[in-house]
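Have a look at the structure below, then the notes.
In the numbering used here, the protein residues as written are 1400 to 1770.
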């Protein structure tokens, strides 16, 4: 293969991905080696290896084939979600995992990929001409919502409200790309307000307490529901400008920061590397998102554009909510930071979606010649 074709796999994306993975591994090692040895690091390295294999598959097999297989992947992922409700393993109050020996899989991460491909197949493939004409029909709203409703409903039954909500922002992006008229947005806004009241009644007491603490400040319950955010802020603040240094973060090392290698890994990293380190992480994510936005603009195929846009939507939602969570701007939801947080299933989703994005970009000339 010519060098120019290999360059189409976008070294800029891979450089940023490798840097974020390295930051994640270093922080996981720093925060867990004293209590767990190298156990978590080895598991994360294994997940990275499997993720790179998945990324290769999603990158080398034409995305048009993945779109053709989308219904099968969607049905399969829904079957996994149903199976999770029946025989799943419960972690932190949610039956979200399927366990086979030493391996655990969170099927909701598989569902994210399936939903991305289904949305792109339905409205970026067979309806490409209608997309270009900017015609939106009520059927578009119903079908896109139905594709998301089934996995969201099954995930809510686990219950895992944080993961379920991650589908809503990409769904809104889909409606935006389909040029949904303002009147639909207004109606959906009213429906959303009613759904919030219904959803509140479905929350468990500890989930309601988290929301109340978020609204009133973590100081009202510093040893209960406000503990996580309060300790996260202390860790970030104690890091100062330059940070305390590698493995020198007392809040994380002594276990005061909760979920220090998963949901609050950014707080652990910020304590060790300070404001400079946090800015570096933010710049890396902003550079990655800007790069993918540029790649989408260079893609002539509506299906390919939608794939990149939806991957970008899932990633930005995770990044925004996680970053906001550690500084108290959002309630604690349990959403991990892409590529940095410990967790195999989410890492598989992240690296697989990277492969999909680069697949679309790599084949842009080939697809353009057929359009």
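Just so it is clear, CB atoms sit at the ideal spot from N, CA and C, and this is done for glycine as well.
Note that the coordinates shown come from a computational prediction; the quantities given were computed from them, not determined experimentally.
- Is it right to say residue 1456 is buried, meaning 16 or more other beta carbons lie within 10 angstroms of its own, or is it exposed? Exposed.
- Using three-state DSSP, classify residue 1764 as helix, strand or coil. Taken through DSSP and simplified to helix, strand or coil, residue 1764 comes out as helix.
- Message: If you measure between the beta carbons of residue 1553 and residue 1481, is that distance less than 8 Å?
- Response: Result yes, Cβ atoms of residue 1553 and residue 1481 sit closer than 8 Å.
- Item | Integer Cβ distance of residue 1650 from residue 1634, believed to fall under 8 Å | Between residue 1650 and residue 1634 a beta carbon distance of about 4 Å is seen, short of the 8 Å cut, so the two are scored as contacting.
- Item | Nearest-angstrom beta carbon gap, residue 1710 and residue 1755 [assumed within contact, 8 Å] | In this structure, residue 1755 and residue 1710 form a Cβ contact; the two beta carbons are roughly 6 Å apart against a cut-off of 8 Å.
- Message: Quick check: what's the CA-CA separation for residue 1557 versus residue 1476?
- Response: Going by C-alpha positions, residue 1557 is about 15 Å away from residue 1476.
- Message: Going by DSSP, what residue range makes up the alpha helix (DSSP H) through residue 1682?
- Response: Where residue 1682 is concerned, the enclosing alpha helix (DSSP H) stretches over 1664 to 1696.
- Message: In whole angstroms, give me the CA-to-CA distance for residue 1696 and residue 1506.
- Response: When rounded, the distance between both Cα atoms is 31 Å.
- For the segment 1440 to 1502, list the alpha helix (DSSP H) runs that are entirely contained and at least 4 residues long, ordered along the chain. Runs of the alpha helix (DSSP H) lying entirely within the segment 1440 to 1502, each at least 4 residues long, are 1462 to 1467 and 1469 to 1486 in chain order.
- Which residues in the same chain as residue 1479 place their Cβ atom closer than 7 Å to its Cβ, once the five residues preceding and following it in sequence are excluded? Only 1497, 1506 and 1509 meet the Cβ criterion.
- Tell me, to the nearest whole angstrom, how far the beta carbon of residue 1419 is from that of residue 1683; I am working on the premise that it is less than 8 Å. With 8 Å as the limit, residue 1419 and residue 1683 qualify as a contact, their Cβ atoms being about 6 Å apart.
- For residue 1516, the nearest candidate out of 1769, 1758 and 1765 (CA to CA): By alpha-carbon distance to residue 1516, the top candidate from 1769, 1758 and 1765 is 1758.
- Item | Of the listed residues 1745, 1630 and 1644, nearest to residue 1426 (C-alpha basis) | The closest CA to that of residue 1426, considering only 1745, 1630 and 1644, is found on 1644.
- Message: For residue 1562 and residue 1483, what's the separation of their Cα atoms in angstroms?
- Response: Approximately 14 Å between the Cα atoms of the pair.
- Item | DSSP beta-bridge partners of residue 1504 | Answer by DSSP bridge pairing, in chain order: 1497.
- Message: Quick check: the Cα distance between residue 1769 and residue 1493, rounded to an integer number of angstroms?
- Response: One alpha carbon belongs to residue 1769, the other to residue 1493, and they sit about 47 Å apart.
- Who are the Cβ neighbours of residue 1445 in its own chain at under 8 Å, not counting the five residues just before and after it? Take residue 1445, set aside five residues on each side of it, and the residues of its chain with a beta-carbon closer than 8 Å to its own are 1743, in chain order.
- Does the segment 1533 to 1541 touch the segment 1569 to 1582, meaning 3 or more C-beta pairs lie closer than 8 Å? Verdict: yes, contact present.
- Message: In this structure, how does DSSP classify residue 1717 when only helix, strand and coil are distinguished?
- Response: In the three-state scheme derived from DSSP, where H, G and I count as helix and E and B as strand, residue 1717 is classed as helix.
- Message: Taking 6 Å as the limit between beta carbons, can you name the residues of its chain near residue 1700, skipping five residues before and five after?
- Response: Closer than 6 Å at the Cβ level, and outside the excluded window around residue 1700, lie 1766.
- Separation of residue 1753 from residue 1595, as counted between CA atoms: Spanning the two alpha carbons is a distance of roughly 33 Å.
- Message: Tell me the rounded alpha-carbon separation between residue 1667 and residue 1421.
- Response: For residue 1667 and residue 1421, the gap between their C-alpha atoms comes out near 15 Å.
- Query: Can you tell me where the alpha helix (DSSP H) with residue 1433 in it begins and where it stops?
  - Reply: In this chain, the alpha helix (DSSP H) harbouring residue 1433 covers 1410 to 1435.
- Once you ignore the five residues that flank residue 1452 on each side, which residues in its own chain have a CB closer than 8 Å to its CB? Shown here for residue 1452: not one same chain residue has a beta carbon closer than 8 Å to its own, the five before and five after excluded.
- So which of 1669, 1702, 1412 and 1592 has the shortest CA-CA distance to residue 1523? Considering only 1669, 1702, 1412 and 1592, the residue with the shortest C-alpha distance to residue 1523 is 1702.
- Neighbour-count burial assignment, residue 1791, 16 or more Cβ in a 10 Å radius: Any question about residue 1791 goes unanswered here, given that the chain covers just 1400 to 1770.
- Under a Cβ-count criterion, where at least 16 other Cβ atoms within 10 Å of its own Cβ denotes burial, should residue 1707 be classed as buried or exposed? Burial call: buried.
- residue 1632 - containing alpha helix (DSSP H), residue span: Start and end: 1626 to 1637.
- Stretch-stretch touch, CB-based, cutoff 8 Å, three pairs: the segment 1717 to 1731 with the segment 1542 to 1551: They do not touch, by the three-pair rule.
- Buried or exposed: which applies to residue 1685, given that a residue is buried once 16 or more other Cβ atoms fall within 10 Å of its Cβ? Exposed, because fewer than 16 other Cβ atoms sit within 10 Å of the Cβ of residue 1685.
- Name the two residues that bound the continuous alpha helix (DSSP H) containing residue 1562. It spans 1560 to 1564 - the alpha helix (DSSP H) in which residue 1562 sits, taken as one unbroken run.
- Comparing alpha-carbon positions, which option in 1521, 1760, 1642 and 1655 lies nearest residue 1374? Not covered by the structure: residue 1374. The range shown for the chain is 1400 to 1770.
- Message: Using only CA atoms, which one of 1491, 1555, 1442 and 1413 lies nearest to residue 1597?
- Response: Per the Cα distances, 1555.
- Query: Which residue's Cα is closest to the Cα of residue 1467: 1485, 1432 and 1519?
  - Reply: With respect to the C-alpha of residue 1467, the residue from 1485, 1432 and 1519 having the closest C-alpha is 1519.
- Run through DSSP, which three-state label would residue 1518 get? Assigned with DSSP and collapsed to three states, residue 1518 falls in helix.
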